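Okay, structure first, notes after.
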Amino acid sequence: PSLALSAEEAAVIVSGLRSTDVFVGESATFTCELSHPGVKNVQWWLDGTPLHNNLVTEISEQNGRIHTLTLNDVACHDSGTVTFRAGSLISSAKLLVKGISLSA
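Using my numbering, read the sequence shown as starting at 408 and increasing by one per residue.
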């Protein structure tokens with residue numbers, strides 16, 4: 408039997424999500440870097456709701472290790488906790504969408 412760990416077992420989060428503040432109508436990008444490619448069951452969530460690739464939600468991966476979520480044209484109600492899950496690995500960060508103040 409091989410002693411090599413599978414990618415999922417060996418992978419760790421090298422660089423986790425960072426909390427982001429953006430204004431209404433801007434884009435918010437979250438990136439998570441894993442140590443190994445090939446981890447399956449990758450899923451992004453916003454406040455417990457699974458996110459899927461569509462016009463306003465861009466989900467991409469680079470080299471199988473760098474996973475990126477971009478939320479376009481955000482609204483105030485998009486504020487919440489963004490969570491990245493890959494196998495048993497989890498990283499989360501806060502998204503704060505700020506209204507544009509007319510008195511500034």
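Here a beta-carbon is modelled for each residue, glycine too, at the ideal position from N, C-alpha and C. These figures come from a predicted structure and were not determined experimentally.
Cβ distance (whole Å) where L492 is taken to contact E440 below 8 Å:
According to the sequence shown, residue 492 is Arg rather than Leu. Not a contact, Cβ separation roughly 15 Å.
Quick one: give me the first and last residue of the beta strand (DSSP E) that D428 is part of.
T427 to F430
Enumerate in chain order the residues of its own chain whose CB-to-CB distance from T456 is below 8 Å, with the five nearest sequence positions on each side excluded.
none
Thinking C-beta only, is F437 closer than 9 Å to L462?
no
In angstroms with no decimal places, state the Cα-to-Cα distance between I507 and N479.
16 Å
Can you tell which of V481, G487 and L424 has the C-alpha that lies nearest to the C-alpha of D454?
Measuring from the Cα of D454, the nearest candidate turns out to be G487.
Output the boundary residues of the beta strand (DSSP E) element that contains R492.
Under the DSSP assignment, R492 falls in the beta strand (DSSP E) whose first and last residues are G487 to A493.
V449 - partner residues in DSSP beta bridges
A493
To the nearest angstrom, how far is it from the Cα of S434 to the Cα of D485?
11 Å
Mapping DSSP to helix, strand and coil, what is E433?
In the three-state reduction of the DSSP assignment, E433 falls in the coil class.
Pick from Q469, V429, Q450 and T490 that is closest to K505, judged by C-alpha positions
V429
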